[in-house]
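Novice:
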Amino acid sequence: MNLVGCSVVENREITPGNFLLTLKVPRGFARPEPGQFVHLRVSPESEPLLRRPYSLEGFVERGKIRAVRIYYSVVGRGSRVLASQPKGQELDLIGPLGLGFTPRPRRAPILVAGGRGVAPLLFFARRLREKKRPFLFLFGARSARELYGVREIRGGRIHLATDDGSVGYHGSVLDLLKQQWEAGEHTRLTAEIFTCGPHGLLHEVAAFAGELGIRCEASLEGPMACAVGACRGCPVPLLSGADGDGGRYPAMCIEGPVMDATIVDWERLP
Amino acid sequence: MTPSPSLTVRVGSLTLRNPVLVASGIIGYGIEYERLVDLSAIGGIVTKTVTRHARAGNPPPRVVETPAGMLNSIGIENPGLEGFLELKVPILRELPCAVIVSVEGEDVREFCELVEGVSGSGVAHAIEVNISCPNVGPHGLRYSTDADMAREVMSAIRPLTRLPLIAKLTPNVTRIAEIAVACESCGADAVSLVNTFVGMAVDSRTRKPILGTVVGGLSGPAIKPLALAKVWEVVQAVDVPVIGMGGITHPRDAIEFLLVGSTAVQVGTALFSNPELAEACVAEIEAYARRAEVPSVADLIGALDVPAERGMIRAGKIL
Chain A
1 MNLVGCSVVE NREITPGNFL LTLKVPRGFA RPEPGQFVHL RVSPESEPLL RRPYSLEGFV
61 ERGKIRAVRI YYSVVGRGSR VLASQPKGQE LDLIGPLGLG FTPRPRRAPI LVAGGRGVAP
121 LLFFARRLRE KKRPFLFLFG ARSARELYGV REIRGGRIHL ATDDGSVGYH GSVLDLLKQQ
181 WEAGEHTRLT AEIFTCGPHG LLHEVAAFAG ELGIRCEASL EGPMACAVGA CRGCPVPLLS
241 GADGDGGRYP AMCIEGPVMD ATIVDWERLP
Chain B
271 MTPSPSLTVR VGSLTLRNPV LVASGIIGYG IEYERLVDLS AIGGIVTKTV TRHARAGNPP
331 PRVVETPAGM LNSIGIENPG LEGFLELKVP ILRELPCAVI VSVEGEDVRE FCELVEGVSG
391 SGVAHAIEVN ISCPNVGPHG LRYSTDADMA REVMSAIRPL TRLPLIAKLT PNVTRIAEIA
451 VACESCGADA VSLVNTFVGM AVDSRTRKPI LGTVVGGLSG PAIKPLALAK VWEVVQAVDV
511 PVIGMGGITH PRDAIEFLLV GSTAVQVGTA LFSNPELAEA CVAEIEAYAR RAEVPSVADL
571 IGALDVPAER GMIRAGKIL
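Taken in sequence, the protein lines are chains A and B.
Note that the working numbering numbers the first sequence so that position 187 is 187, with each residue one more than the last.
Position in the second sequence (first residue = 1) + 270 = the working numbering.
1. Can you tell me whether DSSP reads I65 of chain A as helix, strand or coil?
2. Please state the DSSP three-state secondary structure of G244 of chain A.
3. Would you list, in chain order, the members of the segment 25–37 of chain A that have their beta-carbon closer than 7 angstroms to a beta-carbon of chain B?
4. Thinking just about the alpha-carbon of each residue, which of A:V236, A:G17 and A:E130 is nearest to the one in R268 of chain A?
5. Going along the segment 39–73 of chain A in order, which residues come within less than 8 angstroms of chain B, judged by CB to CB distance?
6. Restricting to runs no shorter than 3 residues, where is the beta strand (DSSP E) found entirely within the segment 114–189 of chain A?
7. Quick check on V228 of chain A - is its C-beta less than 7 angstroms from some C-beta in chain B?
8. Kindly list, in the order they appear in chain B, the residues whose Cβ is closer than 9 angstroms to that of A206 of chain A.
9. Compare the C-beta of F354 of chain B with all C-beta atoms of chain A and state if any pair is closer than 7 angstroms.
10. Determine the chain B residues that contact L220 of chain A at a beta-carbon separation under 8 angstroms, and present them in chain order.
11. Should P270 of chain A be flagged as near chain B, meaning a C-beta pair shorter than 7 angstroms?
12. Give the residues from the segment 325–339 of chain B that approach chain A closer than 9 angstroms (Cβ to any Cβ), ordered along the chain.
13. Check the Cβ of G233 of chain A against every Cβ in chain B and list those closer than 7 angstroms, keeping chain order.
14. Return the first residue and the last residue of the beta strand (DSSP E) that A396 of chain B is part of.
15. List the residues of chain B whose Cβ lies closer than 7 angstroms to the Cβ of G247 of chain A, in chain order.
16. I want to know whether the segment 134–145 of chain A touches the segment 54–65 of chain A - three or more CB-CB distances under 8 angstroms.
17. Pop quiz: T319 of chain B and E374 of chain B are said to be a contact at Cβ under 8 angstroms. What is the actual Cβ separation, rounded to whole angstroms?
18. Distance cutoff 7 angstroms, beta carbons only. Does F381 of chain B sit that close to anything in chain A?
19. Mind checking which residues open and close the beta strand (DSSP E) that includes S7 of chain A?
20. Pick from A:R157, A:G98, A:R145 and A:N2: whose alpha carbon is nearest that of A125 of chain A?
21. Do M290 of chain A and P32 of chain A have their CB atoms nearer than 7 angstroms?
22. Under the rule that 16 or more other beta-carbon atoms within 10 Å means buried, what is R271 of chain A, buried or exposed?
23. Once you ignore the five residues that flank K500 of chain B on each side, which residues in its own chain have a CB closer than 6 angstroms to its CB?
24. So, is the C-beta of P223 of chain A closer than 7 angstroms to a C-beta in chain B?
25. What three-state label does DSSP hand F527 of chain B in the structure shown?
26. Which class does P257 of chain A belong to by DSSP, given the choice of helix, strand or coil?
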């Protein structure tokens, strides 16, 4: 982890309100793991005051050039300011930060993505492909046009779900997951789930996994101030008795953002 | 070329190599920021506040950004005195800067146990007595909003240590100078201010408060003018050194606190955005002193040019 300068290579609106940002980083920036994030200063000005944490959608290395990619939606002040940063703009970021996905050997990974939560799972799928590990990728969004990145997924089987039925399964990605599971190809001993998306979806996936005893990791999202474990501003509530201590709040920034989904108290996580 | 100005300042018996500290609650125990902040370049750090018993902290959300500021309701998540002595003291011992340990008790007895424990650890260069956290329940602001209670705490702990005691004050009072004077009269070697201002953020869409605890403490550039005024008030009321803080975002902000009369400054919230801010403040103070052609930073402390008949404040009253 380091503080490094970066510059905007591309900041493109892919679908209304959804952007792909490519930032050139120096060689001092360590190779990130899928699921890790960067704490980005979204503007050279002092407003907004705080950095914003973004999971990486990808990491590009071409010769001596290194770049990180971020897929984000305009949802508030920080992302709105970020969306206005032109090509060539100098910014800085702290990273790579946090704990990424930790697949176990000899388990079939099932990736469950909801909306823009697909970002770290695209990075993860690319890594699995490099390691020649097959995977199942389930991706749900409101409509076909929000299925960002789906064409670039290689090396695994893909199933899509849309709320409006414009493509793939007509319904939620959770129901798609249940349907796939009921096909009986996998058991709790042969597969594991990795998920990212709205916390409501993650809660449901975690409940499904918990019930069947399937190992499940979720990538969480939330406001952070320091992002290095110092300020304790990003607590993750755990289920009582989980991890040996229900009264403890792990910091999302250093004990996450990817965590065991079955010990998170989703009711108390905003 | 003129010789480098001296940057050392004294807070009680503690000599700081320069007047820039990182505030409590910002940098943990130093090690978290090891790769981002050059601790050997700054005066020192103030640790996360240690309480008598471990605290899990408040439920989320604990931070929210507001215009030019940040509201927090962390709730002093920390491992308690025993955990501090076992887990944090070995880390702090290795830091290449002054270590000021922040403590907060729920009552006078706990303050005493904390001061004895921290003092006995040998790791602290000074103790900041946090009588001003707004995030620890109904008792939180008791000791620094009532001069008698501030006296009670300071009198009880003063005989227990030879370390400099720095009373950290809340700005959430009508007359902060009265509290500062009370602490000084009971043996405080310095006062530090301001802690956060009590604040609140509301989501009109959900009709809910944004922070898990409804209200929290406001920090960041939004509070700098408020903080400067509080420091200005206290500086004129006490003779002990004042450590000023509140919203330092640019290096020149640190100069402003010195001119108003702070012997040292603490940087806080803006460090999250700019981890190099504390180092930049040191560089700016040195450059400013050089430009002003003064031999020592001490010559800048309280050097604000105020017309003689204006601006005198004692105990909150403009004379």
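For each residue, glycine too, the CB sits at the ideal point set by N, CA and C.
This structure is a prediction, so every number in the text was calculated from the model and none was measured.
Specialist: For this structure:
1. By 1-based counting over the first sequence, the position of residue 65 of chain A is 65. If DSSP states are grouped into helix, strand and coil, I65 of chain A belongs with the strands.
2. As a position in the first sequence, residue 244 of chain A is number 244, starting the count at 1. Unreliable positioning characterises G244 of chain A in this predicted model, as indicated by a pLDDT of 45, which lies under 50. The coordinate reading is nonetheless provided below. DSSP places G244 of chain A in helix when its eight states are reduced to three.
3. Residues: none.
4. For this step, residue 268 of chain A is matched to residue 268 along the first sequence. The option with the nearest alpha carbon to R268 of chain A is A:V236.
5. Answer in chain order: R41, S46, E47, P48, L49, L50 and R51.
6. Along the length of the segment 114–189 of chain A, whole beta strand (DSSP E) runs at least 3 residues long occupy 135–141 and 156–162, reported in chain order.
7. By one-based count along the first sequence, residue 228 of chain A stands at place 228. It does: the Cβ of V228 of chain A has a partner Cβ on chain B nearer than 7 angstroms.
8. In the first sequence, the residue the question calls residue 206 of chain A occupies position 206. Chain B residues near A206 of chain A: none, gap ~17 angstroms exceeds 9 angstroms.
9. Translated into positions along the second sequence, residue 354 of chain B becomes position 84. Not closer than 7 angstroms to any Cβ of chain A, the Cβ of F354 of chain B fails to qualify, so no.
10. By 1-based counting over the first sequence, the position of residue 220 of chain A is 220. Result: empty, since nearest Cβ-Cβ is about 11 angstroms, beyond 8 angstroms.
11. As a working mapping, residue 270 of chain A is identified with position 270 in the first sequence. True, the Cβ-Cβ gap to chain B drops below 7 angstroms.
12. Using a CB distance below 9 angstroms, the part of the segment 325–339 of chain B facing chain A consists of A326, G327, N328, P329, P330, P331, R332, V333, V334, E335, T336, P337, A338 and G339, ordered along the chain.
13. Sequence index remark: in the first sequence, residue 233 of chain A carries index 233 (1-based). Correct list: R332, V333, N342 and I344.
14. Along the second sequence, one-based indexing puts residue 396 of chain B at 126. From DSSP, the beta strand (DSSP E) with A396 of chain B extends over A396 to N400.
15. Residue numbering aside, residue 247 of chain A sits at position 247 when the first sequence is read from its first letter. Within 7 angstroms Cβ-Cβ: A326.
16. Put simply, the segment 134–145 of chain A does not touch the segment 54–65 of chain A. Fewer than three CB pairs are less than 8 angstroms apart.
17. In the second sequence, residue 319 of chain B corresponds to position 49, counting from 1. In the second sequence, residue 374 of chain B corresponds to position 104, counting from 1. Beta-carbon to beta-carbon, T319 of chain B and E374 of chain B are separated by about 5 angstroms, close enough to satisfy the 8 angstroms threshold.
18. For the purposes of this step, residue 381 of chain B is taken as the residue at position 111 of the second sequence. No, F381 of chain B does not count as interfacial toward chain A.
19. Numbered from 1 along the first sequence, position 7 holds the residue referred to as residue 7 of chain A. Unbroken beta strand (DSSP E) run through S7 of chain A: N2 to T15.
20. As a first step, residue 125 of chain A must be located in the first sequence, where it is residue number 125. Relative to A125 of chain A, the option among A:R157, A:G98, A:R145 and A:N2 whose CA is nearest is A:R157.
21. For chain A, the structure presents residues 1 to 270; residue 290 of chain A sits outside this window and is missing.
22. One cannot answer for residue 271 of chain A here, as it falls past the ends of chain A, which runs 1 to 270.
23. To locate residue 500 of chain B, count along the second sequence from 1; it is residue 230. So the qualifying residues of the chain are P441, I446, L463 and V464.
24. Along the first sequence, read from residue 1 onward, the residue named residue 223 of chain A stands at position 223. Chain B, which has a Cβ nearer than 7 angstroms to the Cβ of P223 of chain A, makes this yes.
25. The sequence position of residue 527 of chain B within the second sequence is 257, counting from 1. Helix, per DSSP.
26. The residue given as residue 257 of chain A occupies position 257 in the first sequence. Three-state result, P257 of chain A: strand.
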